[in-house]
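A quick write-up on the structure given underneath.
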Amino acid sequence: MKIYFMFVAGFILLVAGQVVELATAAPLADTVGLNGAACAYPTIGNALADAAEGDTLYLAPAVYNESLGEIGLDLHLTAATADCTAADPEADRANYIINGTMFAAEGGVVHITAGHTVTFTRLTLQNGQATRGGVLYVAGGATAVLERSDVRLGIAAESGGLIYVAEGGNLVAYQAFLEGGSAATGGGLYLLGNAEMNFTNLWGSFANVGGGVAVSAEGYLVWQNGNVGSENDPNTASKDGGGLHLTSFATVELWGTNIRGNQAGRNGGHLRPRPRGVHHFAGQYPHLP
């Protein structure tokens, strides 16, 4: 007796001439809302398709297995209550995870396009892979704001294992945690533009050059009251600049920021400066090796 198998919408199975209808998978629950309305979208991508300039996306606690791709709007994505009607000011970012699902040329989880600002509040962005900006890519003229948010577990084939900020781009981080990035240059952060980091920590990242951070060309980095590396979870470079690597003309200001525990295979376990840059250090920092 011949047995035939055929799958179509609704999971209809034809077996030995008999039609059997299988139970369909339950649809995804709605966990994203716009501007304080009740949850109405099962994915962030669905909500982005309906979003307009200046909108706020309210995310209920969940793991969102999706890469968001290019965002060309000014938006705010925030952790919210379970019904999406209000932001949750006490939300645990570990319960609101945007988990990348694909490889991209720029920004494995999010790519913010020129001229736009996207703010992430109490969220975790993770598991991205890209050529540049394993998790987050900030184009020239764009701004990314990380407010009590984490960026972690990113891989970039070239630069910025976690975050890549292009020339003219801007990154602002407040009480953020950046960890577990890997790239050829700038395991955690690759900076051609501007970055202002406040009460922010970066550790556990790896690169050939700039295990934690690589500031290139005329990049401008200000880091206040944070940590680059730790004794238990250092940033590592196989060549130069375990914590930070600065090229010529880069500007770096460190105020009350610790650079510690980092390792390099060749030069600058903590920090590798280059001539013609502007470097200002205040507060706690190690002697340069």
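One gets this note's numbering by counting positions in the sequence shown from 1 and adding 17 to each.
Ideal Cβ positions, reconstructed from N, Cα and C, are used throughout, including at glycine.
Note that the coordinates shown come from a computational prediction; the quantities given were computed from them, not determined experimentally.
Q) Taking all protein chains shown into account, do 16 or more other C-beta atoms lie within 10 angstroms of the C-beta of proline 292, making it buried, or fewer, making it exposed? A) Locating residue 292 in the sequence shown gives position 275, where the first residue counts as 1. Reliability of the predicted coordinates at proline 292 is poor, the pLDDT of 43 falling under 50, and the value obtained from them is presented with this limitation in mind. By the C-beta density criterion, proline 292 is exposed, having fewer than 16 other C-beta atoms within 10 angstroms.
Q | Residue closest to alanine 201, alpha-carbon to alpha-carbon, out of Tyr181, Gln192, Phe216, Asn242 | A | Along the sequence shown, one-based indexing puts residue 201 at 184. Closest option to alanine 201, Cα to Cα, is Tyr181.
Q. Between isoleucine 61 and tyrosine 75, which are expected to be in contact by the criterion C-beta below 8 angstroms, what is the C-beta distance as a whole number of angstroms?
A. Counted from its first residue, the sequence shown places residue 61 at position 44. Counted from its first residue, the sequence shown places residue 75 at position 58. With a Cβ gap of about 11 angstroms, isoleucine 61 and tyrosine 75 do not count as contacting.
(Q) Within 10 Å of its beta-carbon, does glutamate 123 have 16 or more other beta-carbons around it, so buried, or fewer, so exposed? (A) Counted from its first residue, the sequence shown places residue 123 at position 106. In summary, glutamate 123 is buried, with 16 or more beta-carbon neighbours lying within 10 Å of its beta-carbon over all protein chains present.
**Q.** C-beta contact flag for arginine 177 and threonine 217 at 7 angstroms
**A.** Position 160 of the sequence shown, counting from 1, holds the residue named residue 177. Position 200 of the sequence shown, counting from 1, holds the residue named residue 217. According to the sequence displayed, residue 177 carries glycine and not arginine. In this structure, glycine 177 keeps its C-beta atom at 7 angstroms or more from the C-beta atom of threonine 217.
Q) Just the Cα atoms here: how many angstroms apart are alanine 147 and glycine 125? A) Reading the sequence shown from its first residue, position 130 is the one you call residue 147. Reading the sequence shown from its first residue, position 108 is the one you call residue 125. Cα to Cα, the separation comes out at about 5 angstroms.
Q | Any alpha helix (DSSP H) of 4 or more consecutive residues that is wholly inside the stretch 134 to 159 | A | Entirely contained in the stretch 134 to 159, not one alpha helix (DSSP H) run reaches 4 residues.
Q) Considering only residues of the same chain and omitting the five flanking positions on each side of glutamate 70, which have a CB-CB separation below 7 angstroms? A) If you number the sequence shown from 1, residue 70 lands on position 53. Correct list, in chain order: Leu90, Asp91.
Q) Among all the DSSP beta bridges, which residues are the ones paired with methionine 214? A) Indexing the sequence shown from 1 puts residue 214 at position 197. Within the DSSP secondary-structure output, methionine 214 pairs in a beta bridge with Ala190, Trp240.
**Q.** Nearest to alanine 231 (by Cα), restricted to the options Ala111, Ala77, Glu175
**A.** Position 214 of the sequence shown, counting from 1, holds the residue named residue 231. Restricting attention to Ala111, Ala77, Glu175, the CA atom closest to the CA of alanine 231 is found in Glu175.
**Q.** Exposure of alanine 55, with buried meaning 16 or more beta-carbon neighbours within 10 Å
**A.** As a first step, residue 55 is located in the sequence shown; it is residue number 38 there, counting from the start. Per the 10 Å Cβ criterion, exposed.
Q.
Excluding the 5 residues flanking valine 295 on each side, which residues of the same chain have their C-beta closer than 7 angstroms to its C-beta?
A. One-based indexing of the sequence shown puts residue 295 at position 278. A caution first: valine 295 carries a pLDDT of 45, below 50, which makes its placement in the model too unreliable to give a value.
Q) When we look at the beta-carbon of leucine 166 and count the other beta-carbons within 10 Å, is it buried (16 or more) or exposed? A) In the sequence shown, the residue the question calls residue 166 occupies position 149. Note on identity: in this sequence residue 166 is serine, with leucine being the wrong assignment. That one is buried.
Q) Excluding five sequence neighbours on each side, which residues of the same chain lie with their C-beta closer than 6 angstroms to the C-beta of valine 127? A) Position 110 of the sequence shown, counted from the start, is the residue given in the question as residue 127. Closer than 6 angstroms at Cβ, skipping near neighbours: Leu85, Leu153.
Q | Exposure of phenylalanine 79, with buried meaning 16 or more beta-carbon neighbours within 10 Å | A | Translated into positions along the sequence shown, residue 79 becomes position 62. Residue identity check: residue 79 is alanine in the sequence provided, not phenylalanine. Per the 10 Å Cβ criterion, buried.
Q. With a CB to CB cut of under 6 angstroms and the five nearest residues on each side skipped, what residues in its chain are close to glycine 300?
A. Taking the sequence shown and counting its residues from 1, one reaches residue 300 at position 283. Any reading at glycine 300 is ruled out, since the residue's pLDDT is 42, under 50, leaving its predicted position unreliable.
Q) Quick one: what's aspartate 167 bridged to in DSSP? A) If you number the sequence shown from 1, residue 167 lands on position 150. Listed as beta-bridge partners of aspartate 167 by DSSP are Thr141, Phe194.
Q | Burial state of methionine 214, where buried means 16 or more other Cβ atoms lie within 10 Å | A | Taking the sequence shown and counting its residues from 1, one reaches residue 214 at position 197. Classified as buried, methionine 214 has 16 or more neighbouring CB atoms from the shown chains inside 10 Å of its CB.
Q | Residue burial classification, alanine 46 (beta-carbon count within 10 angstroms, cutoff 16) | A | Taking the first residue of the sequence shown as 1, we reach residue 46 at position 29. Looking at its Cβ environment, which holds fewer than 16 other Cβ atoms inside 10 Å, alanine 46 is exposed.
Q) Within this structure, are the beta carbons of leucine 179 and glycine 205 separated by less than 7 angstroms? A) One-based indexing of the sequence shown puts residue 179 at position 162. One-based indexing of the sequence shown puts residue 205 at position 188. Against a cut-off of 7 angstroms, the Cβ pair of glycine 205 and leucine 179 comes out as a contact.
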